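Residue 1 is where the sequence shown starts when you use the UniProt record's numbering, and the numbers rise one by one after that.
Just so you know, even glycine gets a beta-carbon here, dropped at the ideal spot from N, CA and C.
Note that this is a predicted model, so its numbers are computed, not measured.
Note sheet for the following structure.
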Amino acid sequence: YTATVTAAGRTSETAAGAADRGTVERGSRSKNSGRSPPEGPPPARGRLGCLLSVVYGGGRVDGPARDVSLVPGPAAGDRAEPAADGPGPPQEEQGERQAPWTLHVPTSPCNAMMMPTKPSLPPPSRVKTLEPTSNLIMSCVPIDTAADVCANCGETGSDAVKLKNCTACRLVKYCGVDCQRTHRKQHKKACKERVAELKDEKLYGQGHERPEGDFCPICTLPIPLPMEDHSTISCCCMKEICDGCIVAAQKRGMFDCAFCRTPIPGNDADRLAMVQTRVEKKDPVAMHSLGEKYCHGENGLKRDMLRAIKLWTEAAELGSIDALYNLGVAYESGVGVQQDKVKAAEFYEKAAMQGCVQSRHNLGGCEVKKGNHDRAVRHWLISAKMGDKDSVDNIKECFMAGVATKEQYGDALKGYQDALEETKSHDRDEAERLGYRGG
Numbered sequence: 001y002t003a004t005v006t007a008a009g010r011t012s013e014t015a016a017g018a019a020d021r022g023t024v025e026r027g028s029r030s031k032n033s034g035r036s037p038p039e040g041p042p043p044a045r046g047r048l049g050c051l052l053s054v055v056y057g058g059g060r061v062d063g064p065a066r067d068v069s070l071v072p073g074p075a076a077g078d079r080a081e082p083a084a085d086g087p088g089p090p091q092e093e094q095g096e097r098q099a100p101w102t103l104h105v106p107t108s109p110c111n112a113m114m115m116p117t118k119p120s121l122p123p124p125s126r127v128k129t130l131e132p133t134s135n136l137i138m139s140c141v142p143i144d145t146a147a148d149v150c151a152n153c154g155e156t157g158s159d160a161v162k163l164k165n166c167t168a169c170r171l172v173k174y175c176g177v178d179c180q181r182t183h184r185k186q187h188k189k190a191c192k193e194r195v196a197e198l199k200d201e202k203l204y205g206q207g208h209e210r211p212e213g214d215f216c217p218i219c220t221l222p223i224p225l226p227m228e229d230h231s232t233i234s235c236c237c238m239k240e241i242c243d244g245c246i247v248a249a250q251k252r253g254m255f256d257c258a259f260c261r262t263p264i265p266g267n268d269a270d271r272l273a274m275v276q277t278r279v280e281k282k283d284p285v286a287m288h289s290l291g292e293k294y295c296h297g298e299n300g301l302k303r304d305m306l307r308a309i310k311l312w313t314e315a316a317e318l319g320s321i322d323a324l325y326n327l328g329v330a331y332e333s334g335v336g337v338q339q340d341k342v343k344a345a346e347f348y349e350k351a352a353m354q355g356c357v358q359s360r361h362n363l364g365g366c367e368v369k370k371g372n373h374d375r376a377v378r379h380w381l382i383s384a385k386m387g388d389k390d391s392v393d394n395i396k397e398c399f400m401a402g403v404a405t406k407e408q409y410g411d412a413l414k415g416y417q418d419a420l421e422e423t424k425s426h427d428r429d430e431a432e433r434l435g436y437r438g439g
């Protein structure tokens with residue numbers, strides 16, 4: 001069957017049984033209607049705002065307009081179309097310039113009731129549609145929370161279907177374990193990349209402030225680095241007090257502990273007994289301190305690295321940042337334990353994300369050994385801004401070698417100077433003038 005759409009939105013019958021059945025001519029003048037061609041091409045898909053007259057073997061049925069698909073035929077030449085206001089050429093010549101459009105009328109129960117006889121439809125091979133095909137290939141990007149669908153089967157989340165995020169990357173959701181396993185091969189690469197990104201976000205985004213233990217409990221100022229050269233740990237209360245506050249207390253005639261006022265023991269045995277008392281109470285700072293005494297053989301103890309590693313491990317589990325750092329050093333050097341640089345980096349990372357400056361500096365050294373100078377500079381930038389002079393020197397060397405920018409070196413130098421200013425006080429300057437050194 002055929003139908004011709006005119007400019008007024010109506011249809012005119014053409015000869016039934018024509019060779020090009022099921023076509024709608026666009027932009028041409030109909031021989032039967034004698035009207036001007038419509039301006040512009042018809043819409044590719046939509047409702048015709050008119051009654052559609054369809055011829056079925058000589059009979060005609062008028063019904064309401066339906067959704068149709070207009071599909072252009074093959075191009076026929078590149079000649080320019082005539083002006084809209086001028087008379088058009090005959091239909092035969094017009095057909096040479098512009099190909100007809102195929103009219104695809106979808107069937108429905110309503111359509112079947114309107115048809116008095118069975119229509120003669122064009123072969124399926126000649127019918128084309130303009131609907132785009134959907135691409136079901138997974139793209140591992142963060143999905144919108146509104147699009148609550150399974151990444152494998154496309155099942156929509158509901159009260160009956162509970163979707164769960166991928167616990168590693170949290171990019172996609174699954175309706176069950178089977179879908180997750182099926183989709184694993186396709187999702188594995190993107191999942192690993194996202195996990196590495198999340199790890200770096202935490203590693204470089206946390207630990208930019210020094211921990212509480214790096215501040216003097218009396219003057220509340222950060223202790224200059226290295227801390228062992230500018231402070232003393234009291235074995236009675238396990239507080240690290242800066243040299244300035246100790247000198248200030250002694251100038252006032254108080255030679256006991258400047259924090260808790262406990263008399264300072266005069267021999268190694270008494271000092272060791274105080275530390276062990278606090279170790280029995282599971283004090284992580286005391287455990288770390290006793291581990292260092294076993295490591296170096298201090299206060300009359302024999303050097304015992306196995307005992308030191310055990311104490312540091314327990315102290316780290318209780319929250320000691322310094323114990324995490326010492327464990328990293330032990331595993332990196334292989335002293336007291338089997339050398340394991342991967343495990344050493346893990347201890348450094350845990351300590352660095354909690355503000356340990358030495359661990360952050362050592363992480364930069366680990367990256368340099370791997371050839372990752374850009375990652376090393378990022379670590380040293382953080383530790384330099386926290387007051388580590390060695391990190392500033394390393395960035396300077398990287399800048400001179402061409403692996404760090406001038407802006408990075410300037411940023412590190414300025415950050416280091418700002419951090420150094422925060423550690424200064426009149427009492428500390430006085431202690432330095434008098435030559436007092438803690439330890």
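Judging by CA-CA distance, which residue of the options is the nearest neighbour of residue i?
{"i": "glycine 438", "options": "Glu314, Pro226, Lys389", "result": "Pro226"}
{"i": "aspartate 243", "options": "Pro265, Pro263, Thr220", "result": "Thr220"}
{"i": "proline 211", "options": "Gly266, Val368, Met386, Gln186", "result": "Met386"}
{"i": "cysteine 366", "options": "Asn394, Gly355, Glu155, Met305", "result": "Asn394"}
{"i": "alanine 376", "options": "Ile382, Ser383, Val368", "result": "Val368"}
{"i": "histidine 426", "options": "Gly371, Ala151, Gly415, Ile246", "result": "Ile246"}
{"i": "histidine 361", "options": "Gly207, His187, Lys199, Glu292", "result": "Gly207"}
{"i": "leucine 318", "options": "Ala344, His296, Ile309, Asp283", "result": "Asp283"}
{"i": "cysteine 260", "options": "Thr313, Ala315, Ile218", "result": "Ile218"}
{"i": "threonine 313", "options": "Phe347, Val342, Arg303, Asp340", "result": "Phe347"}
{"i": "lysine 188", "options": "Thr167, Tyr204, Leu203", "result": "Thr167"}
{"i": "methionine 274", "options": "Lys350, Cys236, Glu432", "result": "Cys236"}
{"i": "cysteine 150", "options": "Gln180, Ala160, Asp159, Cys169", "result": "Gln180"}
{"i": "glycine 213", "options": "Ile233, Ala404, Asn326", "result": "Ile233"}
{"i": "glutamate 432", "options": "Gly157, Met238, Pro224", "result": "Pro224"}
{"i": "cysteine 175", "options": "Ala190, Leu163, Cys356, His183", "result": "Leu163"}
{"i": "glutamine 276", "options": "Leu290, Ala351, Lys173", "result": "Leu290"}
{"i": "lysine 370", "options": "Ala345, Arg252, Thr423, Val195", "result": "Ala345"}
{"i": "cysteine 356", "options": "Ser320, Gly157, Glu332", "result": "Ser320"}
{"i": "threonine 172", "options": "Tyr294, Asn152, Arg252, Asp340", "result": "Note on identity: in this sequence residue 172 is valine, with threonine being the wrong assignment. Of the candidates Tyr294, Asn152, Arg252, Asp340, the one whose C-alpha sits nearest the C-alpha of valine 172 is Asn152."}
{"i": "methionine 305", "options": "Val279, Ser333, Glu280, Arg278", "result": "Ser333"}
{"i": "threonine 423", "options": "His230, Cys295, Ser359, Val279", "result": "His230"}
{"i": "threonine 182", "options": "Gly154, Ala401, Glu349", "result": "Gly154"}
{"i": "alanine 419", "options": "Lys389, Tyr325, Leu198", "result": "Lys389"}
Between residue i and the rest of its own chain, which residues show a CB-CB distance below 7 Å, the 5 nearest in sequence each way excluded?
{"i": "aspartate 268", "result": "Asn299, Gly300"}
{"i": "arginine 428", "result": "Cys242, Asp243, Gly244"}
{"i": "glutamate 421", "result": "none"}
{"i": "glycine 415", "result": "Ala384, Lys385"}
{"i": "arginine 278", "result": "Met238, Ala286"}
{"i": "glutamate 209", "result": "Gly355"}
Who does residue i pair with in a DSSP beta bridge?
{"i": "phenylalanine 215", "result": "Pro222"}
{"i": "threonine 156", "result": "Val149"}
{"i": "tyrosine 174", "result": "Lys164"}
Could you give the residue range of the beta strand (DSSP E) that holds residue i?
{"i": "threonine 232", "result": "231-233"}
{"i": "isoleucine 241", "result": "240-242"}
If I follow the unbroken alpha helix (DSSP H) through residue i, where does it start and stop?
{"i": "glutamate 432", "result": "426-434"}
{"i": "isoleucine 321", "result": "321-333"}
{"i": "threonine 262", "result": "Taken as a continuous stretch (DSSP letters only), threonine 262 belongs to no alpha helix (DSSP H), as it is neither H nor E."}
{"i": "glutamate 317", "result": "305-317"}
{"i": "cysteine 295", "result": "284-296"}
{"i": "arginine 278", "result": "268-280"}
Kindly list the residues whose CB is nearer than 6 Å to the CB of residue i, restricted to its own chain and excluding five residues on each side of it in sequence; keep chain order.
{"i": "phenylalanine 215", "result": "Pro222"}
{"i": "leucine 381", "result": "Ala412"}
{"i": "alanine 315", "result": "Pro284, Met287, His288, Ala323"}
{"i": "glycine 364", "result": "Ala376, His379, Trp380"}
{"i": "leucine 272", "result": "Asn299"}
{"i": "lysine 343", "result": "Tyr331"}
{"i": "tyrosine 436", "result": "Asp243, Val247"}
{"i": "arginine 303", "result": "Gly297"}
{"i": "leucine 311", "result": "Met287, Leu290, Gly291"}
I'd like the list of long-range same chain contacts for residue i, defined as Cβ closer than 8 Å, with 5 residues on each side in sequence excluded.
{"i": "isoleucine 309", "result": "Gly291, Leu327, Ala330, Gly336, Val337"}
{"i": "phenylalanine 399", "result": "Thr405, Lys406, Gln408, Tyr409"}
{"i": "isoleucine 137", "result": "Note that isoleucine 137 scores 44 on pLDDT, short of 50, meaning its location in the model is unreliable and no value can be drawn from it."}
Practice prompt. At 4 residues or longer, and completely inside the segment 378-425: list those alpha helix (DSSP H) runs for me, N to C.
Written response: Fully enclosed alpha helix (DSSP H) runs of 4 or longer: 389-401, 406-422.
Practice prompt. Taking only runs that begin and end inside the segment 336-376, name each unbroken alpha helix (DSSP H) of 4 or more residues, in chain order.
Written response: If we require 4 residues or more, the alpha helix (DSSP H) runs fully inside the segment 336-376 come out as 341-352, 357-369.
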